[in-house]
Structure formats: structure tokens, C-alpha cells
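Participant:
Chains as they are written, first to last, in this note's numbering: chain A, 1237 to 1467; chain B, 6 to 181.
1. Which residues in the same chain have their Cβ closer than 7 Å to the Cβ of residue 161 of chain B, if we skip the five residues on either side of it in sequence?
2. For residue 75 of chain B, name the three-state secondary structure that DSSP assigns.
3. Check whether the segment 1449-1457 of chain A and the segment 88-100 of chain B are in contact - that is, three or more C-beta pairs closer than 8 Å.
4. Would you check if the segment 1425-1437 of chain A and the segment 1397-1409 of chain A touch, i.e. whether three or more CB-CB distances between them fall below 8 Å?
5. If the cut-off is 9 Å on Cβ atoms, which residues from the segment 25-52 of chain B count as contacting chain A, listed in chain order?
6. In the DSSP assignment, find the alpha helix (DSSP H) that holds residue 143 of chain B and state where it starts and stops.
7. Hey, does residue 1413 of chain A have any beta-carbon neighbour from chain B nearer than 9 Å?
8. Determine which residues share a DSSP beta bridge with residue 60 of chain B and list them.
9. Nearest chain E C-beta to residue 1449 of chain A closer than 9 Å, yes or no?
10. Are the CB atoms of residue 16 of chain B and residue 28 of chain B within a distance shorter than 9 Å?
11. Beta carbon of residue 73 of chain B, beta carbon of residue 1350 of chain A: below 9 Å?
12. Using a Cβ-Cβ cut-off of less than 8 Å, give me the residues of the segment 52-68 of chain B that come near chain A, in sequence order.
13. Could you name the residues of chain A that residue 73 of chain B contacts, counting a contact when the two beta carbons are closer than 9 Å?
14. Would you say residue 150 of chain B reaches chain A, if we count a Cβ-Cβ gap shorter than 9 Å as a contact?
15. On a CA-only basis, which of A:1437, A:1394 and A:1443 is nearest residue 1423 of chain A? Give me that one, please.
16. From A:1283, A:1279, A:1293 and A:1287, pick the residue whose C-alpha is nearest to that of residue 1262 of chain A; which is it?
17. Who are the neighbours of residue 1322 of chain A on chain B, taking C-beta pairs under 8 Å?
18. Tell me the DSSP secondary structure of residue 1466 of chain A in three-state form.
19. In or out: residue 124 of chain B buried (at least 16 other Cβ within 10 Å) or exposed?
20. Ignore the nearest five residues each way along the sequence and tell me which others in residue 115 of chain B's own chain have a CB closer than 7 Å to its CB.
21. Excluding the 5 residues preceding and the 5 following residue 42 of chain B in the sequence, name in chain order all residues of the same chain whose CB lies nearer than 8 Å to its CB.
22. Which residues mark the beginning and the end of the alpha helix (DSSP H) in which residue 115 of chain B is found?
23. Output yes if chain A places a C-beta closer than 9 Å to the C-beta of residue 18 of chain B; else output no.
24. Look up residue 153 of chain B in the DSSP assignment and say whether it is helix, strand or coil.
25. Can you pull the chain A residues whose beta carbon is under 7 Å from the beta carbon of residue 175 of chain B, in chain order?
26. For residue 150 of chain B, count neighbouring Cβ atoms within 10 angstroms of its own Cβ and tell me buried if that reaches 16, exposed if not.
27. Between B:86, B:139 and B:127, which lies nearest to residue 1348 of chain A when the distance is taken from Cα to Cα?
What follows is the structure, given as C-alpha cells:
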């Protein structure tokens, strides 16, 4: 099994190169010393180390048991060679991708520090579309889907305008709110209503929708207008 | 239209957009050919480099975008911008294998990493960095995975050919 840490790979390489004389206990002590010095107690790395050590112990045991039987005196070496070669191949292959991952990590670090302009719906206003227009467009799309029953099921007590009012109150009190917060426990119908309410408030310029970076959380912020601004 | 004017138009469009813009879109808005806007975007990029601007034009996944230079990230972050969480080592290793070996099955990834990757793969699929690209013609018809355009954008790559040759990462490659 491959190791996750370069230092462990070196340890395994050393053991594989001279398994006959390899001191398993010494390798374990080196690993303990390694994590002691680096302060690394990463669970995944530790697990991989255990897997590699188990494989080394198996190979060593096969070698030692094989050498005690005169009629099969070469079996141990054959097993060692076969096992060692396979392990070497796997370790080498893993090492390649480990380094490729480090390359990606460096790229990622650079890219996460390169900020594009923040997403802002104000740049792309949906024109003169009202929530009612959006609802009708959605119903139009749904009606073209054969076999899909379309009916209006918005209860009077749960309308886009009532939900807009709720969001306004939250923004007045909190200044901003996480989009997920508005969706907590929402049914499919509520979800659509909340979504339309947010879009309508954005269109009216009452809030700004912000998502920081890839996969970031969406936050809704109350729009601050400058005095005298006409937009 | 003068070339310098087209460069300024492209600059405006990249500045006003919060997402990478494809040459096709830029060409449509600017009213010229894709080749012309690509040249304009690259000229703009060269100008930003020449005058050492705080911004740079990035070409990612066949699109262009305007971003702040990473070396000034700490200042931008003082404005309240915060970095997205980085991917885990397990996710990066899995992505590296998919990027270089695609199309690749889950079992093939697990054979290299030596651990199960179901959870990591699910997370990468959810983030849109990898996708199912087909089925392998083998018993069980396992799903084949490949990287996406989002993968290129996330790592700031123009295309997969921007990835270094895998041999570069071998011990002998390092010596070169």
C-alpha cells in the first residue's frame, strides 16, 4: 500500500531495498521519531504507514520462513523479489501522483489568492421582470413538459410578497443573512417562493447577493444607498 | 475599429464581469472576430505585465478574466474577501490521478492511492471538478471519470495540456 508522506516512502524504500537485513522495529522507531519531530499526527498518513508496515512484515516473514526450508531455500527470495518489485512499482506510481497533487496544491494556493470581481446581481438586472412574470415563465416551461401536471398551489398566507417582507425584516435587523438560513426546513414550494422573493428584492435593488469564490456560501446583504444616488 | 480601442473595450468587459468571458461572447459584444478579441485580451495581458499592474488578465479554460495578483491577496483580504477553503490532500491526489489518467475508473484510482476514494470522489463530483464521462468496456461496466472545465478554471489552467508531463514528477524528471 502506498504511503502518504514522502518521508515514509523513503523509509519503505530503504526497507524494500534490503529487506533481509531490515530491522522492522527500527523503522517503527524512525517513524515515531519523524512524527515527534514534525508534530505530524495526520490520521490518514498514520493509517497508510500501518498498512505499509504490515506489508513489510508479511514480506519479511515470508523471507525468513522460506529460508528455513532447505528444499525451498530460494522461495523466500523469489517472494521478496516479486513482492518488492510490485511494491516498488506501486510506490513509484503513487509518488508521481503525490508530486502531481503538490503541483495542483501550489496552483490552487495561487488561484485562491487571485480575486475576480465579486459576483453581484446588480450588474445583470433581470430588466422589468416582476415576480409574477417569473412565475408565469416557470409555469410556461412546466406546461410544455408532457405528463407533468401543472397547478398553482401558492397558499395566500405564503406568497412571494409576504416572504419578501420577512427577508426585509431580517435584513433590517441583521444587515445580512445566509441564503441557506432562509431555506432551513423549506418545502419545495417554499423554496421556489424564497428564491423568487430574493430575486425580486435583488431586482428592486434592496439587497446584494454575494458568493465569495468557488463553492462559497451565498450571503444576502442589505443594499446601502448613498445619499443622493439615483440608481 | 482601432486595435487599441478594442483592447480598451475588452478591458471594460472583463472588468465589468464577475466570471470568465469566452472569446465568442466578447466578439459578439464588441462586434468583431474571436481572433481579434483574443489578440486584444492577450495585448491587454501583456500591458498589465509590462506596467506591473495589481491586476492581471488570466486565460482559463478557454475564457478570459480579470483578477487581482495573488501576491497582493493579503491586502484584498483586509477588505473582507476571504479565501475559499482549500481542497484536502486526499482530494488533490484523487484529482491528480483523474487529470493524468482520464478516463479512469474508481477502482483504478483506489489501486494507485491504496485507499477507498468513494467519499472524496463524491465530493469532487459535487463541486463540479470531475464528471462521469462514460462506462468502461469491462465486467460491471464501471463508470469512467474525467475532469471538467471547472477544474481548469479552479487551477487557472488554459487546458489540460498546461499540466506538466507526469514524468517531470519522477526522480529523474526532477534532476532535469
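Backbone N, C-alpha and C fix where the C-beta goes; we use that ideal spot for every residue, glycine too. Quick caveat, the model's predicted, so the values are computed rather than measured.
Facilitator: The structure says:
1. Mapped onto the second chain, residue 161 of chain B falls at position 156. These residues qualify, in order along the chain: 63 and 65.
2. In the second chain, residue 75 of chain B corresponds to position 70, counting from 1. Residue state for residue 75 of chain B is assigned as helix, using DSSP reduced to three classes.
3. Enough Cβ pairs lie closer than 8 Å, so yes.
4. They touch, by the three-pair rule.
5. Residues 25.
6. As a first step, residue 143 of chain B must be located in the second chain, where it is residue number 138. Run containing residue 143 of chain B: none; DSSP gives neither H nor E here.
7. For this step, residue 1413 of chain A is matched to residue 177 along the first chain. Taking Cβ atoms only, chain B never reaches closer than 9 Å to residue 1413 of chain A, which makes this a no.
8. Here residue 60 of chain B corresponds to residue number 55 of the second chain, with the count starting at 1. In the DSSP assignment, residue 60 of chain B is bridged to B:73.
9. Chain labels in this structure do not include chain E; the protein chains are A and B.
10. Position 23 of the second chain, counting from 1, holds the residue named residue 28 of chain B. Position 11 of the second chain, counting from 1, holds the residue named residue 16 of chain B. If you check the CB distance, residue 28 of chain B and residue 16 of chain B do not come in under 9 Å.
11. If you number the second chain from 1, residue 73 of chain B lands on position 68. If you number the first chain from 1, residue 1350 of chain A lands on position 114. Going by C-beta atoms, residue 73 of chain B is nearer than 9 Å to residue 1350 of chain A.
12. Taking 8 Å as the cut-off between beta carbons, the residues of the segment 52-68 of chain B near chain A are 61 and 63, in sequence order.
13. As a position in the second chain, residue 73 of chain B is number 68, starting the count at 1. Within chain A, the residues near residue 73 of chain B are 1349, 1350, 1351 and 1352.
14. Here residue 150 of chain B corresponds to residue number 145 of the second chain, with the count starting at 1. Cβ-Cβ to chain A under 9 Å: no for residue 150 of chain B.
15. Here residue 1423 of chain A corresponds to residue number 187 of the first chain, with the count starting at 1. Put simply, of A:1437, A:1394 and A:1443 the residue whose alpha carbon is nearest the alpha carbon of residue 1423 of chain A is A:1394.
16. For this step, residue 1262 of chain A is matched to residue 26 along the first chain. The option with the nearest alpha carbon to residue 1262 of chain A is A:1293.
17. Residue numbering aside, residue 1322 of chain A sits at position 86 when the first chain is read from its first letter. Chain order gives no chain B residues near residue 1322 of chain A, where near means a beta carbon separation below 8 Å; the closest approach is about 12 Å.
18. Numbered from 1 along the first chain, position 230 holds the residue referred to as residue 1466 of chain A. Any reading at residue 1466 of chain A needs caution, since the residue's pLDDT is 42, under 50, leaving its predicted position unreliable; the model's value is listed next. Note: residue 1466 of chain A maps to coil in three-state DSSP.
19. Start at 1 with the first residue of the second chain, and residue 124 of chain B comes out as number 119. Residue 124 of chain B is exposed by the Cβ-count criterion.
20. Numbered from 1 along the second chain, position 110 holds the residue referred to as residue 115 of chain B. Sequence-distant Cβ neighbours of residue 115 of chain B in its own chain, meaning closer than 7 Å and more than five residues away, are 121 and 122.
21. Walking along the second chain from the start, residue 42 of chain B turns up at place 37. For residue 42 of chain B, where only same-chain residues beyond five positions count, the Cβ hits under 8 Å are 11, 15, 28, 31, 32 and 35.
22. In the second chain, the residue the question calls residue 115 of chain B occupies position 110. Boundaries of the alpha helix (DSSP H) harbouring residue 115 of chain B: 111-118, taken from the DSSP string.
23. Along the second chain, one-based indexing puts residue 18 of chain B at 13. Taking Cβ atoms only, chain A never reaches closer than 9 Å to residue 18 of chain B, which makes this a no.
24. Here residue 153 of chain B is taken as the residue at index 148 of the second chain, counted from 1. Coil, per DSSP.
25. The count along the second chain starts at 1 and reaches residue 175 of chain B at position 170. Neighbours of residue 175 of chain B on chain A, chain order: 1332.
26. Within the second chain, the letter at position 145 stands for residue 150 of chain B. So residue 150 of chain B counts as buried.
27. Here residue 1348 of chain A corresponds to residue number 112 of the first chain, with the count starting at 1. Ranked by Cα distance from residue 1348 of chain A, the first of B:86, B:139 and B:127 is B:86.
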